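Take a look at the structure below.
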Amino acid sequence: GEYTTGWTGAGASKSDKKHTYLYNDQIGVVGLTLFDLRRRGKVDKLGMVGVNGKKFPDIRQHLIQNIGNVYRDMDLQFDEFPKDGKVDPEAYKEAIDKLKPGDAVIIFTPDSTHYKIAIYAIERGIHVLVTKPATQLLSHHNELIAAAEKHKVVCFVEHHKRFDPVYSDAKARAQTLGEFNFFSAWMSQPKSQLETFRAWAGKDSDISWTAPLKAGIHTGQHWYYMAEKASPGYDVTVDDTGKAWYNPFYMKYSPSETGHFDGQRGYGYVSIEKFIDAVRSVNAGEIAAPEFDKHGFPTIRNTVLTTAILNAGRISLDEKRPVGIKKSGDQWVLE
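Numbers given in our numbering equal positions in the sequence shown, counted from 1, plus 5.
Structure, rendered in structure tokens:
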């Protein structure tokens, strides 16, 4: 998919999450990061799971052309699921069944599939990193919290902005600002994403597409208070694609002086590496998985209010009524 390899089935994605280096763009985040983490000795065997196995020959060629031919010492080998060009919406089960307890999965799939894939993995002793939103229902999120604790596995939600040094610094400084007397916020996403996610956008997931077709970024978050932080990185205008906002602080795609991948400091990379480091520490017996809840990591427990707000908002819009969020015992529930 787009975030994993930069390949969407209609060709390479044009999202800013791949488009930050003019000579080697549209290559995703997850796959590239894991290939580099393998080069650095932090992961070993990799697998990639989709629904349509017919896409894998094109994906492999895409990775060779845009990663293997650009960066030095990148091993691009991975097992594919489903195999032999089959179409199988439950191929993730075969892939997870081949893992052993202590292995890990990273889930970047349509929102409605997150819970069933994550719970299937956790119940088999597999560590999980799932993209946001972790689940669509608060009840499912609570089930993942309980399952992760029962099976003693790491379960993080991929909130990469937590590792953006600008955002983390601003969060710390904001604690001393006191009460706001005015604040407004809005978010937009480019219409081009409707094509990328046409199989599920607006059908079983809530997505707002309000930016122009050629918007320079994947999402634009705007806050008005006495400053502006809507445009990360820097702007470039290209004849074929128009204006783009390049953000090497998120993912730097230009090679190092030695020709190796050089994006290890980007917060998109760091977000995934933090999860891998946590898994390695738990597997080595250096720390218990619940300890990460105490240190501000985006664990499944620490991110529960995000799901609560999204679930409550969906119900409120559908039923045209206010929905409360409260804590009942050890769990957050809706009322």
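Built from N, CA and C at the ideal position, the CB exists for glycine as well.
Treat the numbers as computed from the prediction; the structure is a model and nothing was measured.
Which full runs of the beta strand (DSSP E) of 3+ residues lie inside the stretch 247-331, going along the chain? 247-251
Using a threshold of 7 Å, state whether the C-beta atoms of Val158 and Ile111 are closer than that. Result no, Cβ atoms of Val158 and Ile111 do not sit closer than 7 Å.
Tell me the rounded alpha-carbon separation between Tyr28 and Asp41. Note that Tyr28 has pLDDT 42, beneath the 50 cutoff, so the model's placement of it is unreliable and the number below is only indicative. Cα-Cα distance, rounded: 19 Å.
Within 10 angstroms of the Cβ of His165, are there 16 or more other Cβ atoms? Answer buried if so, exposed if not. buried
What's the call for Glu278, buried or exposed, on a 16-neighbour Cβ count within 10 Å? With a 10 Å radius around the Cβ and a threshold of 16 neighbouring Cβ atoms, Glu278 comes out buried.
Please report the straight-line C-alpha distance between Arg45 and Val287, rounded to a whole angstrom. 19 Å
In terms of DSSP beta bridges, what is Ile111 paired with? Leu134
Which residue's Cα is closest to the Cα of Ile124: Phe161, Thr181, Phe83, Asp245? Phe161
Gly33 versus Gln66: straight-line alpha-carbon distance, rounded: Each residue's Cα considered, the two are about 14 Å apart.
I need the boundaries of the beta strand (DSSP E) containing Tyr239, first residue and last residue. 239-243
Look at Leu81 and Gly73 and say whether their C-beta atoms are less than 7 Å apart. For Leu81 and Gly73, yes; Cβs fall inside 7 Å.
Could you check how far apart the C-beta atoms of Ala151 and Thr312 are, in whole angstroms? I think they sit under 8 Å. About 14 Å separates the two Cβ atoms, so there is no contact after all.
Within 10 Å of its beta-carbon, does Gly329 have 16 or more other beta-carbons around it, so buried, or fewer, so exposed? The residue in question, Gly329, is exposed, as its Cβ has fewer than 16 Cβ neighbours within 10 Å.
Is the separation between the beta-carbon of Lys257 and that of Gly271 shorter than 7 Å? yes
If I measure Cβ to Cβ from Val54 and keep anything under 6 Å in the same chain, skipping five residues before and after, which residues do I get? Phe86, Ala96, Tyr97, Ala100
Please look up how many angstroms separate the CB atoms of Glu154 and Pro303, rounded, as I've assumed it's under 8 Å. Rounded, the Cβ-Cβ distance is 16 Å, inconsistent with contact.
6 Å Cβ shell around Phe280 - same chain, five flanking residues per side excluded: Leaving aside the five residues that flank Phe280 on each side, the residues in its chain whose CB is nearer than 6 Å to its CB run, in chain order, Leu134, Phe161.
Are the beta-carbon atoms belonging to Ala283 and Phe297 less than 7 Å from one another? yes
Roughly how many angstroms separate the alpha carbons of Phe187 and Gly301, rounded to a whole number? A direct Cα-to-Cα measurement between Phe187 and Gly301 gives close to 28 Å.
Start and end residues, beta strand (DSSP E) containing Phe61: Here Phe61 belongs to no beta strand (DSSP E); instead the alpha helix (DSSP H) covers 61-68.
Presumed contact (8 Å Cβ cut-off) between Ser276 and Glu163, rounded CB distance: 6 Å
Got a sec? Which residues, its chain only, sit under 7 Å from Val48 by beta carbon, not counting five neighbours each side? Leu39, Leu42, Ile281
In the DSSP assignment, find the unbroken beta strand (DSSP E) run with Gly52 in it and report its ends. 52-54
Mark Ile69 as exposed unless 16 or more other C-beta atoms lie within 10 angstroms of its C-beta, in which case mark it buried. Classification for Ile69: exposed.
Going residue by residue through the stretch 156-189, where are the continuous beta strand (DSSP E) segments of at least 3 residues, counting only ones entirely within it? 160-163
Start and end of the alpha helix (DSSP H) containing Glu99? Note, Glu99: alpha helix (DSSP H), 96-102.
Which whole-angstrom value is the C-beta distance of Leu37 and Phe83, which I expect to be below 8 Å? Actually they do not touch by this definition, with Cβ atoms about 12 Å apart.
Out of Asp93, Gly107, Pro94, point me to the one whose CA is closest to Arg285's CA. Gly107
Reduced DSSP secondary structure (H/G/I, E/B, other) of Asn147: helix
Would Ala109 and His146 qualify as a contact pair, given that the criterion is a beta-carbon distance under 7 Å? no
Asp78: which of Ile305, Phe266, Ala175, Arg319 sits nearest, CA to CA? Checking every option, the nearest Cα to that of Asp78 belongs to Phe266.
Contact belief for Trp337 with Leu182 at Cβ below 8 Å, rounded distance in angstroms: In this structure Trp337 is not in contact with Leu182, their Cβ atoms being roughly 27 Å apart against a cut-off of 8 Å.
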